[in-house]
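According to the working numbering, the sequence shown holds residues 88 to 849 in order.
Just so you know, even glycine gets a beta-carbon here, dropped at the ideal spot from N, CA and C.
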Amino acid sequence: ALAFDALAPANAGGLLPDLAADLPASILYTSGTTGIPKGVVLTHANFLANAESVLKFGLSRPDDNFLVLLPLHHSFAFMADFLVPLLSGARTTYPESLKAPDLLAAMQETGVTVLVGVPQLYAMLHRGLLEQVKRRPAPARAAFRFLLAASGRLLPLVGERAGRLLFPQVHRRFGGRLRILASGGAKLDPAVAADFRRLGFQVLEGYGLTETAPVVSFNPPEHPILESVGRPLPGVEVRIAAPDGDGVGEILVRGPNVMAGYYRNPEATAEAIRDGWLHTGDLGYLDAGNYLYITGRAKEVVVLPSGKNIYPEEVEAHYQQSVYIEEICVVGVEAGDGPATESLRALVLPDFEYLKAQRLSSAREAIRWDMENYSRLLPPFKRVTGFSLVKEPFPRTRLGKIQRHRVQELYRDLLAAPPSAEPAAPADDPLLGRPGADRILDLLRQRAQGRPVRLDDNLELDLGIDSLGRLELVVALEEMFGIELPDEAGSEVFTVRELLTRVLEVAESGGPPAATRRDPWEAILNTPPDEADAARLAAGTSRQARIFTWCFRMLCWLLFTTLCRLRVRGRDRVPAGSPFILAANHAAYVDAFVIAAALSFREVTRLHYVGFQTFFQHPLLDWFARNVRVIPIDMDAYLARALRTAAHVLRQGKALCVFPEGARSIDGTIKPFKKGTGILALAAKVLLVPTHLGGTFDVWPRGQRWPRPAPIRVTFGEPVSVDELLRDPAAVGADDPERVMAALRARVAALAGPIDAGAPLA
């Protein structure tokens, strides 16, 4: 070892100059989430006071090893990853890069014990762990869930030690010595923190600002509380200004760590520091144990017309639970007559990788379904009233906080500015120059109703092409190039670039372009089902299927007449011998079973249901579906296959039961009918039977775990042709299928009436 003084010339004096404690150590410019940059002057005394307070909390030991991931020019990283380990005698490890393999290699090689990061890092690690678990066999997944729950039960008794014993493989992955996950800079998802604690890691969340050098509070290692940012550090005072009825008010901070002021900005300094207290602009409250809880930023609070205050981060954390959402930002939209007249809207960045892995091409529908489900768990005033999808991550501060002032600008642009055409990058020239590329782009422009088409456009988000539109597009491309694309092709491409690459590869290896083009739906619906689907339909007419149908119908009849006092009106209106489509509103899982109970055995044996394929993947459920004649449908991968099969059923003189809303209603009201049934009815020229199911929402609403008894009424309306529906005043829409379904929905809604009206089912 060498002494520093030994390296200096004899007459050079000390290597380090003597500096006054109140001299500036750094000037850190921060714009935070408001967009107004200010230079924060932090003195040597500020930094040292803060470091000493952190060390008194016991957050670092001499044998610790810190993994440094954040830039040291940021105050949080400078304190947690530099000053604290330096003053405690701990080591620091700098990974080769921030890529996951390099991080894990560094942790395993050096035995990292403390990881300091921002919530986004822990959310990424958490998601990666869960994805690995999902890829394991079912018994392994069940064992993981059981052990995780058991560890959670043991936390109050033995702390994180149980997790270290139950999940040794997880700890080995992180080097085997990692004990503390320290989080700051933004709010940590409580679910992520809870899972890491169950896995055996100590999760410590803190709170601070650049203006406080930077740590204000931290969870004590001996007694951390999830969702809290801990207790104020020794020597740091925190109080809540003008608390409301819930104790929430602006957080004020006083102590030796508070900045000297803003550089050359006395007005901002005087506004921020009053009577010795730093006004943080953050809102929160202190509990009886002096633990601090953050609820939001004062400038970011959304004030509703009712006077309710909404904290966006709280609402975002709730909806962020959806596996389809990568990022979400909740904003207040002014209604036009003042800042207090706002509604909640959300900007959502879909998790495109997850959607692609699940072969879900309709991001909007998947996200809408999940957001409706999560909305049920919130008070009505906290629910978002709508959302828009974006393609790029939100602008954030270095510590991961959303810069809401910039997002508000993005939101306005999203609504007001039409997309502009962009020239192709040089690397794209070969793709655009391939034979046939221009014809595909022309077709896409037609489908996008004249909107500019760029190679990186998302087919759904930018061009508005939904599942049915993709199917039409695939058929049109097959006709254009004289090729055959697999049914799942529409769900496997998400961008214009991917579509061009896929189609041109097939076209260049196949025959010449076709000379004529047919109507896409004629091509789909007039094609007979393949052998597998034909065999499935045949199985539904077997003697075994008829016996099973009789038993199934009788069981449904007994259950719903006994427990739900099932009443039926208009059963004599159901056509006896001709093909028809029975279209009903959809409010509960029991809807299809109620229809089976409401019809006669003869009618049920003619009826084929259209149901989501995901419900029938288990062999036993698939056997059930075959015997009760369910046509599996996948709106993304196998839509054409299901429509072909349904059209074939109608050509054979059978009946079809559909729920045109496409999903169960979130609140029992009838949602818009999707046009797929209208396409089918127009092509097959069959009657439609509007059917209203009343009371099934009360039996089993979305989000309720088990059904409960409640009265049910089924009303069958007069059969109606598509021509009659097109003449109906309620027939509004962009095309004939949409107009048919709008009129049909109006007729279904008109059938609603008192639940106990109608005849008891005999």
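Alpha-carbon spacing of Leu142 relative to Pro206, whole angstroms: If you number the sequence shown from 1, residue 142 lands on position 55. If you number the sequence shown from 1, residue 206 lands on position 119. Here the C-alpha atom of Leu142 lies approximately 23 angstroms from the C-alpha atom of Pro206.
Separation of Pro666 from Leu774, as counted between CA atoms: Along the sequence shown, read from residue 1 onward, the residue named residue 774 stands at position 687. Along the sequence shown, read from residue 1 onward, the residue named residue 666 stands at position 579. Roughly 7 angstroms separates the two Cα atoms.
Length-filtered (4 minimum) alpha helix (DSSP H) runs lying within the segment 769-836: Fully enclosed alpha helix (DSSP H) runs of 4 or longer: 783-786 and 809-814.
Start-to-end residues for the beta strand (DSSP E) that takes in Gly657: In the sequence shown, counting from the first residue as 1, residue 657 sits at position 570. First-last for Gly657: undefined, no H or E at that position.
For His131 and Ala107, the rounded distance between their alpha carbons: The residue you call residue 107 lines up with position 20 of the sequence shown. The residue you call residue 131 lines up with position 44 of the sequence shown. Across the structure, Ala107 and His131 are spaced so that their CA atoms are roughly 8 angstroms apart.
Residue closest to Asp109, alpha-carbon to alpha-carbon, out of Glu748, Leu564 and Ala347: Against the sequence shown, residue 109 aligns to sequence position 22. With distances taken between Cα atoms, Asp109 lies closest to Ala347.
Cβ-Cβ distance between Val697 and Thr783 below 9 angstroms: Here the question's residue 697 lines up with position 610 in the sequence shown. Here the question's residue 783 lines up with position 696 in the sequence shown. With respect to the 9 angstroms criterion, Val697 and Thr783 are not classified as neighbours on the basis of their beta carbons.
Gln289 burial status per 10 Å Cβ neighbour count (16 or more: buried): Residue 289 sits at position 202 when you count from the first residue of the sequence shown. Gln289 comes out buried.
Assigned exposure category for Ala849 - 16 Cβ within 10 Å defines buried: Indexing the sequence shown from 1 puts residue 849 at position 762. Because the pLDDT of Ala849 is 48, which lies under 50, any placement of that residue in the model is unreliable, and the question is left without a value.
Under the three-state DSSP convention, the category Val201 falls into: The residue you call residue 201 lines up with position 114 of the sequence shown. The answer is strand: DSSP assigns Val201 an E or B state.
Same chain only: Cβ atoms within 7 angstroms of Asn460, ignoring 5 sequence neighbours per side: Locating residue 460 in the sequence shown gives position 373, counting from the first residue. Cβ within range, chain order: Arg789 and Gly790.
Separation of His405 from Val471, as counted between CA atoms: For the purposes of this step, residue 471 is identified with residue 384 of the sequence shown, where counting begins at 1. For the purposes of this step, residue 405 is identified with residue 318 of the sequence shown, where counting begins at 1. For Val471 and His405, the distance between alpha carbons rounds to 11 angstroms.
For Leu838 and Ile123, the rounded distance between their alpha carbons: As a working mapping, residue 123 is identified with position 36 in the sequence shown. As a working mapping, residue 838 is identified with position 751 in the sequence shown. About 58 angstroms.
6 angstroms CB neighbourhood of Asp721 in its chain, flanking five on each side removed: By one-based count along the sequence shown, residue 721 stands at place 634. Excluding the 5 residues flanking it on each side, Asp721 has same chain C-beta neighbours closer than 6 angstroms at Gln700, in chain order.
For Ala626, the three-state DSSP class (helix, strand or coil): Position 539 of the sequence shown, counted from the start, is the residue given in the question as residue 626. Looking at Ala626 - three-state DSSP - the assignment turns out to be helix.
Environment of Thr382 [buried if 16+ CB atoms lie within 10 Å]: In the sequence shown, counting from the first residue as 1, residue 382 sits at position 295. Looking at its Cβ environment, which holds 16 or more other Cβ atoms inside 10 Å, Thr382 is buried.
Nearest-angstrom Cβ-Cβ length linking Leu564 and Ile527, presumed shorter than 8 angstroms: On the sequence shown, position 477 is the one that residue 564 refers to. On the sequence shown, position 440 is the one that residue 527 refers to. About 7 angstroms separates the two Cβ atoms, so the contact holds.
Per DSSP, the bridge partner or partners of Ile381: Here the question's residue 381 lines up with position 294 in the sequence shown. Its beta-bridge partners are Gly371.
Cutoff 8 angstroms; reference Val199; Cβ partners in own chain excluding five residues on either side: Reading the sequence shown from its first residue, position 112 is the one you call residue 199. Counting only Cβ-Cβ distances below 8 angstroms, and skipping sequence neighbours, we find Asn152, Phe153, Leu154, Thr180, Ala193, Phe261, Gly262, Arg264 and Leu265.
Exposed unless 16 or more other CB atoms sit within 10 angstroms - verdict on Asn133: For the purposes of this step, residue 133 is taken as the residue at position 46 of the sequence shown. Counting C-beta atoms within 10 angstroms of its own C-beta, Asn133 has 16 or more neighbours from the protein chains shown and is therefore classed as buried.
Buried versus exposed call for Gln490 [16 or more other C-beta atoms within 10 Å across all chains shown]: Position 403 of the sequence shown, counted from the start, is the residue given in the question as residue 490. Its Cβ being crowded by 16 or more others within 10 Å, Gln490 is buried.
Pro616 versus Arg728 - alpha carbon distance: Within the sequence shown, numbered from 1, the residue matching residue 616 stands at position 529. Within the sequence shown, numbered from 1, the residue matching residue 728 stands at position 641. If you take the alpha carbons of Pro616 and Arg728, they lie about 7 angstroms apart.
Exposure label - Asn377; buried when at least 16 CB within 10 Å: Numbered from 1 along the sequence shown, position 290 holds the residue referred to as residue 377. Exposed is the label assigned to Asn377, since fewer than 16 other Cβ atoms lie within 10 Å of its Cβ.
Neighbourhood of Val345 by C-beta distance below 8 angstroms, restricted to the same chain and skipping five residues each side: Position 258 of the sequence shown holds residue 345. Result list for Val345: Asn133, Glu298, Thr299, Ala300, Ile360 and Leu365, in chain order.
Same chain, Cβ closer than 7 angstroms to Phe703, neighbours up to 5 away in sequence not counted: Residue 703 sits at position 616 when you count from the first residue of the sequence shown. Only Asp709, Ala712, Val717 and Pro719 meet the Cβ criterion.
Residue range of the alpha helix (DSSP H) that includes Pro719: For the purposes of this step, residue 719 is identified with residue 632 of the sequence shown, where counting begins at 1. Segment Val717 to Ile720 is the beta strand (DSSP E) holding Pro719; no alpha helix (DSSP H) there.
Euclidean distance between Cα positions of Arg652 and Leu642: Numbered from 1 along the sequence shown, position 565 holds the residue referred to as residue 652. Numbered from 1 along the sequence shown, position 555 holds the residue referred to as residue 642. Rounded to the nearest angstrom, the two C-alpha atoms are 14 angstroms apart.
Rounded separation between Ala281 and Ala742 - CA only: Position 194 of the sequence shown, counted from the start, is the residue given in the question as residue 281. Position 655 of the sequence shown, counted from the start, is the residue given in the question as residue 742. Note on geometry: alpha-carbon atoms of Ala281 and Ala742 lie some 51 angstroms from one another.
Ser238 versus Ser147 - alpha carbon distance: Within the sequence shown, the letter at position 151 stands for residue 238. Within the sequence shown, the letter at position 60 stands for residue 147. When rounded, the distance between both Cα atoms is 26 angstroms.
Reference Ala433, options Tyr398, Tyr441, Phe474 and Gly271, closest by Cα: Working through the sequence shown from its first residue, we reach residue 433 at position 346. Closest in alpha carbon position to Ala433, among Tyr398, Tyr441, Phe474 and Gly271, is Phe474.
Simplified DSSP assignment, three categories, for Tyr696: Sequence index remark: in the sequence shown, residue 696 carries index 609 (1-based). In the three-state scheme derived from DSSP, where H, G and I count as helix and E and B as strand, Tyr696 is classed as strand.
Distance, Val593 Cα to Lys772 Cα: Locating residue 772 in the sequence shown gives position 685, counting from the first residue. Locating residue 593 in the sequence shown gives position 506, counting from the first residue. If I take the Cα positions, the gap works out to 35 angstroms.
Start-to-end residues for the alpha helix (DSSP H) that takes in Arg532: As a position in the sequence shown, residue 532 is number 445, starting the count at 1. It spans Ala524 to Arg534 - the alpha helix (DSSP H) in which Arg532 sits, taken as one unbroken run.
Beta-carbon contacts of Gly749 that lie in its chain and below 7 angstroms, excluding the five residues immediately before and after: Within the sequence shown, the letter at position 662 stands for residue 749. Once the five neighbours on either side are set aside, the close Cβ partners of Gly749 are Lys761.
Classification of Leu502 by the beta-carbon crowding that lies within 10 angstroms, buried from 16 upward: Reading the sequence shown from its first residue, position 415 is the one you call residue 502. Here Leu502 scores only 48 on pLDDT, less than 50, and its place in the model should not be relied on; the value that follows carries that caveat. In this structure Leu502 is exposed. Its beta-carbon is surrounded by fewer than 16 other beta-carbon atoms within 10 angstroms.
Beta-carbon proximity check, Leu129 vs Ser113, cutoff 9 angstroms: Within the sequence shown, residue 129 is the residue found at index 42, counting from 1. Within the sequence shown, residue 113 is the residue found at index 26, counting from 1. Yes, these two residues count as a Cβ contact at 9 angstroms.
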